[in-house]
Amino acid sequence: MAKAAKILGIVLAVLLLFLAGAAMLIQTQWARNQLEDQLSQRLDGRSVDIGSLDIDWGSPLVIRASDIKIANPEWAEQPHLLELDALKAELAVGELLTGNPGLQLVALDKPQVHLSRRADGQSNWSALMSETDSQDKQPSLQPDTIQIDNGKLTYRDEALNVDLAFDISTRDDGAEGALAVDGSGQVQGKPLELTLTGAPPAKALAKDRSYAVTLNGRLGDIRARFEGEAEQVPQLDGLNGELSLSAPDSAELISFDNPALDVPGFELTATLRRDRQRWALDDIELRTGDDRLRGSIAAELGESPALDLQLHGDQLDLNRWGVMRLLEAERSGTATRETNETFEQQAHDLFQPLRRYRGEVDISLDRLRYGDTSLSDLALRGSLDGQQLELEQLRATQANGAISASGTLDLGSDSLSGELDLKLDRFDLGQALGPLGYPRLGTLDGELHAQLADAATRLSDTQLRYDAPAQDLRIELDAESTDSGLHLTGDAWRNQVPLQFELNPGSLQSLFQEETFSVEGTLRSGESQLTLDGHIRDPMQFKAAEARVSLEGPDLARLDPLTGLNLPSLGRYSLSGQLSWEDRQLRLQSLDGRWGESDVSGDVRLSLVGRPMLWANLHSNTLRLRDLKSPDTPDDSSGEQFFSSEPLGLDALRGRDAIIRYEAEEVIARDVPLNAVAMKAELDDGVLVIEPLQLAIGQGAAEGRLSIDARPERPTGELRLSLNGVNLTPVLKHADLSQVAQDSAGTLGGKLDVAFAGSSLGAMMADLRGKFELAMSGGRLDWLAVELLGLDAGQSVVAALADTDQVEMNCAYLRLDANQGIATLTHFFVNTTDSNITGGGEIGLGTEALDLAFETHAKDFSLLSGNAPVQLKGTLSNPQVSVVTDQLVAKTVASVVGAVVAPPLAILPWVELGLGEGSGMGCRKALKEFERN
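Written out as structure tokens, the structure is:
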């Protein structure tokens, strides 16, 4: 309204001045054209039309003009800025002759003013005000009476989403009618209603006089009333009156930049005062629900703005105002600002705007509520003057904790300088910062004393204790500044495991002023020790870090409580490498690890962008499988259980992604060395696929594929493996078993194709489904039996099936078909020089029970006639051998072992790759012999 009145006053002043001058001219069209041209020049070249111009040369002199129009810019929706049906001006004749025209009356009939501003900020009035707008300039013409009949003002602002319309008139209550304004419209989609009553409008232009005004408005659900006086209308350089605001529950404030604040039901009363550049709200009383606030706010504008804020109350609930919703929207919608500035430079930029301000703040609240937490006995007192920021007191208490701080900061220098004293008494950070997104933080207790200066920034008498029961974490820290920098020592406990640390980072000055911050130190937990030496880039934002690290100890698994990882139990180990962090990626390069007789090297990368992803390229010169066993695993494997029921820890695969490539030049399993191993493992949200899985054994190879889906509560998986041409002679020689290699070795081949479910090896075997085939060309039966069954049972079986304890084999073949953990020996065939041996039965993989039988079939029926069938009972870890003598039982066993059936021809490629001259009869010759007989 003030802007509209100012614009209308500027236009009318120019118009009346020219009309007064026109009173001396003859009433001709030429005179009107001259007048229109002069007005256009004074009004930024806008087109001006005057329909008619009449002069009544009486006393007073009366000037009448009609159909006055002043054009708008071409972009405006309305064609005219001003439309006026009729203008009547009465001038005192005596004063007119002196050259100082006195206006007795200005009457406006149906004046219409259309103001508009585009989205880019350009308005249709700015050009008119650029030369004539002045805060102190008084109107050159001050009429005694102003009459307005059926006036209208419209205002459209695309930038602020405002569309308003006002009806303006003076009341017909005499010569000096009071002003009446009624308006309506919308502001950001919310309805606006406004009524204003004021003294006769001519008094608003009178110098050194107050103008009484009463305003009632409603924006959405918020109501406002002002009753008081204004000075220097229309500039409104002075205001003095009573202001009241109120709203029902669930109202909403208007916001032009951010989501709108919620407004609870409230009532506010205050005295509003303005004295040119100083605005003040005194005697503030705010009531909303149970909240009560009292105080005052004063702001002085100008080159050195000042703010004086004093607020005191018993309670303030920020939830009722929707503040937490705004903070959440800001956190989710604002990206982290990237900057190459140091912390001190950022602090300088942050405090730069404050350097031109002055002010005092005094706030106290009995209780502040936000989110699901609250702070009590809250106090904030401080001042800013002469570029010196002083925090006199910051205090807040919780149910069992408190925080207090004080200090000063010099804003006049380019570097940070000042001092800070902080005291904490079991202050619960998780409770205080939980509504801001940090609910899992613990409590902080202790004192911190810091001195900031250009030459040196130091800590003194600083002891802090952090306790986070939710993470089972406790840290006790002592910090002090030395000539070489900070010195941090202390103890920590994670999951009841103690940790001692001693760190020597750089100085506090380098922390603030430099882009890199050096860190070196040692962390110890029991016999485990981590040493690091590196630096952090931009430590306040922790953009990047790089350090040379080394870790050693008795067992990696002992670090699980500290790290929260499922680390393997590998026995005594040592690891070293170059660790770096940047762009939310953790890299370990030049890894060099050793444990037992095994080693590993390579690079590892972990990305924390989105779902965590691990990449690793690893290589071992030697991998001894016994080094992969836990040091606590007993060496005696003669326990009652053959397949362990210990969980394999597959739940660690859930929700994780990884791609791992691994190669080993030599793998030693028990006493059997594998020439090489190569594999690629991909983990996708709990689904593990190892393919290819390649093992070079002797002159042969094993290839396969393993997949495990760890997402279900009962993981499932599949394993396919093929074994081709494994000549055991060089393998056994490498294991220092030369005599065994010469007498017993053969060539192995086979296939495995199974599916399983379970969380342990025992559970998987109890669910096993699929088949297993194994063939062996050459070798000795006694060696094979001992390897499969153990010494005692193996020798017993050989003794029962053969007349000698050393039996040369030509070919051996077996096939097991498994279903729900029951493995059926569907085919068993051993060909020796003198006989064929068959077998059958079942193995309960879940119960580990054996129920097998074997029988010898002599090639020459005159031989081995005394050999009886053999039963194999007991368990996998304790097999029992017995010879069947009863004829009825013998017939039953015969039905189990079946007749002599040759193995399939498909086994030949499995075992012939490793054969050479003098390798024995072999499976091919055995099959031909079987075919002939």
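Residue numbers (numbering that gives the first Met the number 0): 0 to 932.
Where a beta carbon is used, it is the ideal one built from N, C-alpha and C, also for glycine.
Query                                                                                                                 : Result
Separation of L86 from G57, as counted between CA atoms                                                               : 17 Å
Distance between D656 and W614 (C-alpha atoms, nearest Å)                                                             : 9 Å
Boundaries of the alpha helix (DSSP H) in which P560 is found, first to last residue                                  : D559 to T562
Alpha-carbon spacing of D626 relative to H618, whole angstroms                                                        : 16 Å
C-alpha distance - D274 paired with D248, whole-angstrom precision                                                    : 34 Å
Extent of the continuous alpha helix (DSSP H) run through I428                                                        : Correcting the residue identity first, residue 428 is Leu in this sequence and not Ile. Looking at the DSSP string, the run of the alpha helix (DSSP H) that includes L428 is L428 to L432.
Alpha helix (DSSP H) segment containing L317, residue limits                                                          : No alpha helix (DSSP H) contains L317, which DSSP labels as neither H nor E.
Same chain, Cβ closer than 6 Å to E928, neighbours up to 5 away in sequence not counted                               : none
Proximity below 7 Å, CB of L244 to CB of A223                                                                         : yes
Outcome for S834 when other beta-carbon atoms lying within 10 angstroms are tallied against a minimum of 16           : buried
D207, DSSP secondary structure in three states                                                                        : coil
Proximal residues to S549 (C-beta, below 6 Å), its chain only, five neighbours per side dropped                       : T530 and S575
Segment limits, alpha helix (DSSP H) that includes L472                                                               : No alpha helix (DSSP H) contains L472, which is instead part of the beta strand (DSSP E) from L472 to T481.
Segment contact, 8 Å Cβ cut-off, at least three pairs: the region 706–719 with the region 680–692                     : yes
Given S881 as reference, the closest of A852, H856, M323 and T874 once Cα atoms are compared                          : A852
I25 (DSSP reduced to helix, strand or coil)                                                                           : Reliability fails at I25, whose pLDDT of 47 lies under 50, so the model's placement of it is uncertain and no value is given.
E266 - partner residues in DSSP beta bridges                                                                          : S245 and R286
Helix, strand or coil at S58 according to DSSP, with G and I counted as helix                                         : coil
Three-way DSSP call (helix, strand, coil) for G370 in this model                                                      : coil
From S183, N399, G406 and D236, residue whose alpha carbon lies closest to that of R208                               : D236
The region 764–774 in contact with the region 746–754 per 3-pair CB rule at 8 Å                                       : yes
Cutoff 7 Å; reference Q309; Cβ partners in own chain excluding five residues on either side                           : G294, S295 and D361
Where V676 falls, given that 16 or more other Cβ within 10 Å makes a residue buried                                   : buried
Alpha-carbon to alpha-carbon, L410 and D371                                                                           : 36 Å
Spatial neighbours of Q495 in its chain, beta-carbon cut-off 8 Å, leaving aside the 5 residues before and after       : D471 and P560
Residues near V92 by beta carbon distance below 7 Å, same chain, minus five either side                               : S58, P59 and L60
Own chain, CB closer than 7 Å to A334, minus 5 neighbours either side, in chain order                                 : Its pLDDT being 47, under 50, A334 is placed unreliably by the model, and nothing is read from it.
Residues bridged to N616 (per DSSP)                                                                                   : D602 and R660
First through last residue of the beta strand (DSSP E) which encompasses L178                                         : L178 to V186
Sub-7 Å separation of P553 and R536 beta-carbons                                                                      : no
R935, DSSP secondary structure in three states                                                                        : No answer is possible for residue 935: it lies beyond the span of the chain, which begins at 0 and ends at 932.
Stretch pair the region 643–650 + the region 688–699: three plus CB contacts closer than 8 Å                          : no
Backbone secondary structure at W909 - three-state DSSP                                                               : helix
Closest residue to E157 among R116, Q819 and A765 (Cα-Cα distance)                                                    : R116
Any 3 or more C-beta pairs closer than 8 Å across the region 816–826 and the region 840–851                           : yes
Neighbourhood of L423 by C-beta distance below 7 Å, restricted to the same chain and skipping five residues each side : I402, L443, D444 and G445
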